[in-house]
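Structure first, then comments.
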Amino acid sequence: MIKVLLADDQELIRESLGFVLNAQSDITIVGMAKNGREAIELVRSEKPDVVLMDIRMPEVDGVECTRLIKSAHPNIKVIVLTTFDDDEYVFNALRFGASGYLLKGVSVADLTNAVREVVRGGSIIAPDVASKALQMFARMAKGNLTIGVDEKQTEDLQDNEWRIIREVGAGLSNKEIAAALCLSEGTVRNYLSSILSKLDLRDRTQLAIWAVQTGVAGRPFGGPQ
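Under the UniProt record's numbering, the letters of the sequence shown match residues 1 to 225, in that order.
Here you go:
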């Protein structure tokens, strides 16, 4: 059973999301928070698998919440709920380890699939804003956030792993990568797990930033040249 914590300052949204998610046979809501402070307290007591978090909340916003939660509980996944005008907030939430973001108003199927996907180790970027994700990764790569990978760590990467790194850097989801490379989503997830282990990176976001910083994301093949 996947344990989910909801954090949103709007009661209607909390109740609606709770109703939808509790209706799933493999998902249960373990808490609802109306602000960031409550979210942090509930994370400590309930130990959810996933936090579905509004990016703009009183007392402690979703960005700071993400930072605090991921620092104390790195295995807990955070999905940010956002709107089109929240680019800077999302940018910072991804820096602090959010597994992705969804637009408010997402379909029930996309919401529930997102929860399951991050638990499996994937990341979620709403299709409508995939191009924004690439822009964010590029901004991170040009900023003061440097992802260090020793050249020796890349020597054992396989051809398909280089191809997957390239696609992650371009902002593609696991499903899109699977389709592009004629692989199953499970195989893509396995490759990603292997890549993160070989490069000693925390998550997909760090991998994407590294891919942009090193130019892998822009290469026709994706491997070293």
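C-beta: ideal position from N, C-alpha, C; glycine also.
{"Asked": "Short Cβ contact (9 Å threshold) for residue 210 with residue 192", "Found": "no"}
{"Asked": "Per-residue DSSP class, three states only, for residue 222", "Found": "Residue confidence is low: residue 222 scores 49 on pLDDT, short of 50, so the model does not pin down where it sits. Its coordinate-derived value is still stated next. Here residue 222 sits in coil by DSSP."}
{"Asked": "Straight-line Cα distance separating residue 204 from residue 225", "Found": "Bear in mind that a pLDDT of 44 at residue 225, under 50, signals an unreliable position, so the number given afterwards is only what the model happens to contain. The alpha-carbon atoms of residue 225 and residue 204 are separated by roughly 23 Å."}
{"Asked": "Nearest candidate by alpha-carbon position, reference residue 96, set 21, 63, 122 and 104", "Found": "63"}
{"Asked": "When 113, 92 and 83 are compared against residue 104, the one with the closest alpha-carbon", "Found": "83"}
{"Asked": "Buried or exposed (CB count within 10 angstroms, at least 16 for buried), residue 45", "Found": "exposed"}
{"Asked": "Assigned exposure category for residue 222 - 16 Cβ within 10 Å defines buried", "Found": "Residue placement at residue 222 cannot be trusted, given a pLDDT of 49 that sits under 50; the coordinates are not used to answer."}
{"Asked": "Nearest-angstrom beta carbon gap, residue 35 and residue 29 [assumed within contact, 8 Å]", "Found": "The Cβ separation is near 17 Å, so there is no contact."}
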